[in-house]
């Protein structure tokens, strides 16, 4: 295949395994393979299990492209190129809810179990091997498959513990939200950290004695032993593929039993308590539907402050993909479970505080792209009942709120934004926690001036209750 | 060795034997027994 110079961009998150590297060329996602990885790919494509996993949607769609054509000339010694299905919106594990991380972990283990039975393994076990198509997890790291060697344990076990199992244990056993742990360290939670958290009687909780304490102790005792020596010793002692399979089955059983169901939070009852009248709701739904329909089947709708997903679901009827962002992990978890139960496949729910969106992470801060870099291409941005939380609740200056919301729209994209007047009961509740006169600019006229100064007003609607105004504006169009 | 781009961690490899049930524990016990024997075998030679 011919890749024009300058059109090829190396994916910053794909450098750890030198045997292969992901590139973007226009809208194509390509993976270049060295000679060894190309041989592994041909063997993998010839198995029964791999095409079946792909057909079930569990592994991202992958095909070999023109093996004789020119290859990416980035200095790598590439022997073949694969083309992958495009994931509609890339997300990171610290933006997932508990049930999302658990389902992702279970899929990883299912893929590994299937691969082991077919004579293959995965070279790693990272949560970053997984992405989402709506609420369906998908394994994206096709370069991770390699023929299994008899007598070798799973090389990805430590990564699996650090980025999947440990975060799940923290939330299921202790009710600690795992997202800050994963966001803070790209390699996840260390056994040593876990050992300190799970002291006393906590050390007896399911999965903790072995995968945390024993694991940590083994790491300390064998810190000086090389992995190649240990591999040889294990092989000589009779470690077998059946044992590897038994370990994976045990992990899947443990992960499948982990659950976390928090009690109701402030946000989980927000739709019922947020003070809308029935008339307001009907008018608001019609306004949002009109805006999404006007965008003519948008590729990407961002619903910011999505809460229970009411408007994300409405948008999904007219859009190809909706990303529903909500700061409360418990609310996102409920939304995820609800969407799965309803088989709604076009909405990706994500956990994120919009006043503190995901920064870039990993090597040079670009290995895991920040939210702004991924989001700034939305055809429609919904910001319903959000502005007062940022402007009053978090003291973000009103012009900055408007700038931020418009920055996530593609040129010609639409922003649907609700302004809650200072007299509204919900705004009054927030204002009551701040000194009088702190937000003199928080007025409908000022908000409208800022909005229309930056964008073209398409539609404006005052809700029947008289304390909320909806705007549809076109950004840069 | 194409599988080893990742440092799997020596302890993380051994613990997988231990968590693999009775058969796994037997493998781990054998590994440690062999290490012990190797140490005793080596010592007289070192001293001699």
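Chains as they are written, first to last, in my numbering: chain A, 8 to 484; chain G, 324 to 371.
Positions of the beta carbon are idealized from the N, C-alpha and C atoms, including for glycine.
| Query | Result |
| --- | --- |
| Endpoints, beta strand (DSSP E) assigned at residue 38(A) | 35-40 |
| Nearest neighbour of residue 1(A), chosen from 212(A), 134(A) and 157(A) [CA to CA] | Here chain A has residues from 8 to 484 only, and residue 1(A) is not among them. |
| Below-7 Å beta-carbon distance, residue 348(G) vs any chain A residue | no |
| Minimum C-alpha distance to residue 65(A) - residue among 19(A), 121(A) and 391(A) | 121(A) |
| Residue-level contact to chain G via CB, residue 222(A), 7 Å cutoff | yes |
| Backbone CA spacing between residue 189(A) and residue 196(A) [nearest angstrom] | 7 Å |
| Where residue 164(A) falls, given that 16 or more other Cβ within 10 Å makes a residue buried | buried |
| Run of the alpha helix (DSSP H) containing residue 465(A), from where it starts to where it stops | Taken as a continuous stretch (DSSP letters only), residue 465(A) belongs to no alpha helix (DSSP H), being part of the beta strand (DSSP E) at 462-469. |
| Proximity of residue 182(A) and residue 202(A) at Cβ, strictly below 7 Å | no |
| Exposed unless 16 or more other CB atoms sit within 10 angstroms - verdict on residue 393(A) | buried |
| Where residue 337(G) falls: helix, strand or coil (DSSP) | helix |
| Same chain, Cβ closer than 8 Å to residue 324(G), five either side skipped, listed in chain order | Confidence is the limiting factor: at residue 324(G) the pLDDT is only 43, short of 50, which leaves the residue's position unreliable, though a coordinate-based value still follows. Same-chain partners within the cutoff: there are none. |
| Through-space distance from residue 328(G) to residue 23(A), alpha-carbon basis | 8 Å |
| Close Cβ partners of residue 378(A) (< 7 Å) along its chain, the five nearest in sequence each way excluded | 359, 364 and 365 |
| 7 Å Cβ cutoff, residue 336(G) in contact with chain A | yes |
| Chain G contacts made by the stretch 211-243 of chain A, where a contact means CB separation under 9 Å | 217, 218, 221, 222, 223, 224, 225, 226, 227, 228, 229, 230, 231, 232, 233, 234, 235, 236, 237, 238, 240, 241 and 243 |
| Where residue 426(A) sits in the DSSP three-state scheme | strand |
| Where residue 445(A) sits in the DSSP three-state scheme | coil |
| Neighbour flag for residue 359(G) against chain A, beta carbons, 7 Å | no |
| Alpha carbon of residue 69(A) to alpha carbon of residue 84(A), nearest angstrom | 21 Å |
| Cross-strand partners of residue 390(A) (DSSP beta bridge) | 311(A) and 424(A) |
| Short-range partners of chain G found in the stretch 146-179 of chain A, where Cβ spacing is below 8 Å | 153, 156, 159, 160, 161, 162, 163, 164, 165, 166 and 168 |
| Any chain G beta carbon closer than 7 Å to residue 476(A) | no |
| Span separating the alpha-carbon of residue 497(A) from that of residue 352(A) | Nothing in the structure corresponds to residue 497(A), since chain A is present only between 8 and 484. |
| CB-CB length for residue 313(A) against residue 479(A), believed under 8 Å | Between residue 479(A) and residue 313(A) the Cβ distance is about 18 Å, and since that is not below 8 Å, they are no contact. |
| Distance between beta carbons of residue 425(A) and residue 475(A), contact taken as under 8 Å | 6 Å |
| Residue-chain proximity (residue 325(G), chain A), Cβ-Cβ < 7 Å | Residue confidence for residue 325(G) is low, a pLDDT of 48 falling below 50, so the modelled location carries little weight; the figure read from the coordinates is stated next. Yes, because at least one Cβ of chain A sits closer than 7 Å to the Cβ of residue 325(G). |
| Residues that residue 96(A) bridges to, as DSSP identifies them | In the DSSP output, where bridge partners are listed per residue, residue 96(A) has none listed. |
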